[in-house]
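In the numbering used here, the protein residues as written are 424 to 687.
Every residue, glycine too, gets a C-beta built ideally from N, C-alpha and C.
Take a look at the structure set out below.
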């Protein structure tokens with residue numbers, strides 16, 4: 424679950440990663456029948472077994488299933504999908520407001536995709552039963568995301584983030600401002616260490632913004648935090664991207680420079 428904006432959604436979102444070996448092995452005829460049943464026959468073609476087209480088909484089907492489930496719950500939901508980082512994975516993402524409901528919704532999307540492939544029950548009946556289970560789930564808490572009350576400078580990039588954060592904080596302090604910043608070295612308030620450790624993510628943003636009497640914050644925003652938890656604030660006033668290079672590929676499903684640039 425993302426606590427803040429992410430590459431998937433500008434709001435807190437859920438990312439559901441599904442393994443799809445059964446969909447990759449299924450016959451074209453079987454998947455065409457499923458596409459017809461759910462209403463995708465004219466806009467999505469399964470493609471050959473094990474192909475990228477097959478992955479895109481399942482991803483699109485997953486998003487469609489999520490939207491139909493939301494419609495059954497009398498709500499509109501921006502459900503997005505994409506092929507996953509592994510050859511037999513797809514990812515489905517949607518925004519959330521209450522944790523319990525969102526987790527139940529994600530479980531039901533996975534269950535609907537399983538049942539569509541393994542059973543012959545009517546899609547409308549499957550969706551209705553799934554919606555009833557989501558509706559009965561305990562809603563749970565709302566996202567906890569720090570709301571900025573001072574200007575926010577967010578710094579990302581492959582190299583030089585921590586140095587840039589320190590430099591910006593120093594410039595602001597010399598200009599007479601009280602500044603908190605978060606980085607891989609910890610969280611600092613006017614040059615004094617508040618919390619030691621790697622805080623280049625949402626946790627560091629929350630601690631920095633909680634410091635008393637500050638006029639601005641500078642936040643180091645690393646790839647790992649973005650991909651695992653989302654951004655630490657809903658927005659920022661200044662963005663700094665130091666560079667985007669191939670130094671850290673192969674982590675968290677980011678294998679190409681284009682993927683890394685999208686995240687940054």
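Cutoff 8 Å; reference residue i; Cβ partners in own chain excluding five residues on either side
i: residue 678; result: 508 and 672
i: residue 501; result: 432, 517 and 518
i: residue 596; result: 602, 613 and 614
i: residue 589; result: 604 and 606
i: residue 591; result: 576, 578, 604, 641 and 663
i: residue 665; result: 578, 579, 580, 581, 582, 583, 584 and 587
i: residue 636; result: 601
i: residue 475; result: 506
Assigned exposure category for residue i - 16 Cβ within 10 Å defines buried
i: residue 437; result: buried
i: residue 539; result: buried
i: residue 579; result: buried
i: residue 587; result: buried
i: residue 478; result: buried
i: residue 632; result: buried
i: residue 619; result: exposed
i: residue 616; result: exposed
i: residue 598; result: exposed
i: residue 493; result: buried
i: residue 456; result: exposed
Identity of the residue in the options nearest residue i by Cα
i: residue 644; options: 533, 450 and 686; result: 686
i: residue 444; options: 492, 513 and 430; result: 513
i: residue 497; options: 456, 554 and 485; result: 554
i: residue 427; options: 624, 532, 637 and 636; result: 624
i: residue 495; options: 440, 640 and 551; result: 551
i: residue 689; options: 640, 596, 592 and 614; result: Here the chain covers residues 424 to 687 and nothing more, so residue 689 does not appear.
i: residue 683; options: 636, 480 and 430; result: 430
i: residue 560; options: 535, 530, 537 and 549; result: 530
i: residue 693; options: 637, 583, 638 and 594; result: Nothing can be reported for residue 693, as the shown portion of the chain is limited to 424 through 687.
i: residue 483; options: 499, 474, 506 and 493; result: 506
i: residue 526; options: 658, 636, 424 and 637; result: 424
i: residue 638; options: 475, 466 and 594; result: 594
Short CB-CB distance (under 7 Å) between residue i and chain D
i: residue 498; result: You won't find chain D in this structure, because it holds only one protein chain.
Close-in-space but distant-in-sequence residues of the same chain around residue i (CB under 7 Å, 5 per side omitted)
i: residue 628; result: 569, 605, 642, 655 and 656
i: residue 622; result: 605, 606, 609, 610 and 630
i: residue 563; result: 521, 522, 523 and 524
i: residue 585; result: 606, 607, 608 and 643
i: residue 537; result: none
i: residue 447; result: 472, 473, 477 and 511
i: residue 440; result: 507, 512 and 514
i: residue 626; result: none
i: residue 668; result: 581 and 582
i: residue 466; result: none
For residue j and residue i, believed in contact at Cβ under 8 Å, the rounded distance
i: residue 670; j: residue 581; result: 5 Å
i: residue 576; j: residue 660; result: 7 Å
i: residue 557; j: residue 528; result: 5 Å
i: residue 504; j: residue 485; result: 5 Å
i: residue 488; j: residue 461; result: 7 Å
i: residue 511; j: residue 565; result: Wrong, their Cβ atoms sit about 34 Å apart, outside the cutoff.
6 Å CB neighbourhood of residue i in its chain, flanking five on each side removed
i: residue 464; result: 458
i: residue 646; result: 686
i: residue 414; result: Since the displayed the chain opens at 424 and closes at 687, residue 414 lies outside it and no answer follows.
i: residue 491; result: 550
i: residue 434; result: 518
i: residue 658; result: none
* Three-pair Cβ contact test at 8 Å for the stretch 542-554 versus the stretch 650-663 -> Contact between the stretch 542-554 and the stretch 650-663 is absent: fewer than three C-beta pairs spanning the two stretches fall below 8 Å.
* Asked: Is there contact between the stretch 606-620 and the stretch 562-572, where contact requires at least three CB pairs shorter than 8 Å?
  -> Contact between the stretch 606-620 and the stretch 562-572 is absent, because fewer than three Cβ pairs lie under 8 Å.
* To do: Check whether the stretch 466-473 touches the stretch 439-451, counting contact only when three or more Cβ pairs, one atom from each stretch, lie closer than 8 Å.
  => By the Cβ criterion, the stretch 466-473 is in contact with the stretch 439-451, since at least three pairs of Cβ atoms, one from each stretch, lie closer than 8 Å.
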